[in-house]
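To keep things clear, I will list the structure first and then write my remarks on it.
This is the structure in structure tokens:
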């Protein structure tokens, strides 16, 4: 998954810039995994083998290592990624678009929770450690499992462990003092969900900076892994229309209508399609097209783009922390 995020970071760059090679970044990811593996070996090495002069390197892994405990696994991840290599959340410049670009996250050693979470997921899975991304309200977390035990860790804050009390406090800070922990707060995220979440953070920051072409590229690339995501087709149509690419906007909105199950929303976009067809047929000038576009193209709003997985646009416009 982290490798896919690196390829997205490369694709998201403008066509006029030199496309960066992902190989050096993949090598860094693999090195982190090797370090975690070595750290775990040190933590789980059987005491009698450490003192009797046995050639540990010549022994099979099963003979010289015990299965790590959950505490040992978490400690290894903390030691290698957060402490030794210095990967931490960027609280000071949280809205910097670099915090959502995995190439820049690796270079700067600072990033958003979901970007940093990919480093932990990659290293853990390469070491045979079960780890799951958790869509916790307002903050991306990881659930690590070992030896039949589970722990929640926060990749943004050095992979610190979060127990029920800390999770409850985190939930209340985001959802209000009346909020209480429930099973749906621990909803796991698939690899595609996590990649789309990272892409969404880049898109949001691009929109806030007025970089419509970058936002458009991000949505285009997101559709490579989620071609049936109706919300993305809706967003892409609106972005094309803003860029005066009416034919492209028509295609995107038509794809949205094919997938939309909400009759009211579908009817609204069908009306937009008719307006766009009319404008294309009459070959309106740039000034007239822009004026008409402001009337017929649905704008990005938190109401339109924020909601549950059942909404037409399940990826929120504003980023999750």
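In UniProt numbering, the protein residues as written are 1 to 321.
Glycine residues also receive a C-beta, built at the ideal position from the N, C-alpha and C atoms.
Just so you know, these numbers come straight off a predicted model, no measurement behind them.
Compare the beta carbon distance of residue 146 and residue 153 with 8 angstroms and say whether it is the shorter of the two. Annotated as distal: residue 146 and residue 153, with beta-carbon spacing of 8 angstroms or more.
Okay, do the stretch 155-172 and the stretch 80-92 touch, 3+ Cβ pairs below 8 angstroms being the bar? yes
Where are the alpha helix (DSSP H) runs, 4 residues long or more, that stay fully inside the stretch 225-267, in chain order? 230-242 and 246-259
According to DSSP, what are the bridge partners of residue 24? Among the bridge pairs identified by DSSP, residue 24 is matched with none.
Can you tell me where the alpha helix (DSSP H) holding residue 114 begins and where it ends? Bounds of the alpha helix (DSSP H) holding residue 114 are 113-126.
Enumerate in chain order the residues of its own chain whose CB-to-CB distance from residue 280 is below 8 angstroms, with the five nearest sequence positions on each side excluded. 246, 247 and 250
Expressed to the nearest angstrom, what Euclidean distance is found between the alpha-carbon atoms of residue 85 and residue 189? Taking C-alpha positions only, residue 85 is separated from residue 189 by approximately 26 angstroms.
Cβ-based neighbour list, residue 25, same chain, cut-off 8 angstroms, excluding 5 preceding and 5 following: 6, 102, 103 and 106
Select from 177, 240, 229 and 95 the residue whose C-alpha is nearest the C-alpha of residue 110. 95
Among the candidates 167, 229, 173 and 195, whose CA atom is the shortest distance from the CA of residue 183? 167
How long is the line joining the alpha carbons of residue 200 and residue 218, rounded to whole angstroms? Taking C-alpha positions only, residue 200 is separated from residue 218 by approximately 8 angstroms.
Just checking my contact of residue 28 with residue 114 at CB under 8 angstroms: how many whole Å lie between their CB atoms? That pair is no contact at about 18 angstroms.
Pair within 8 angstroms by beta-carbon distance, residue 186 and residue 134: yes
In this structure, does DSSP put residue 146 in helix, strand or coil? DSSP places residue 146 in the strand class (E or B) of the three-state scheme.
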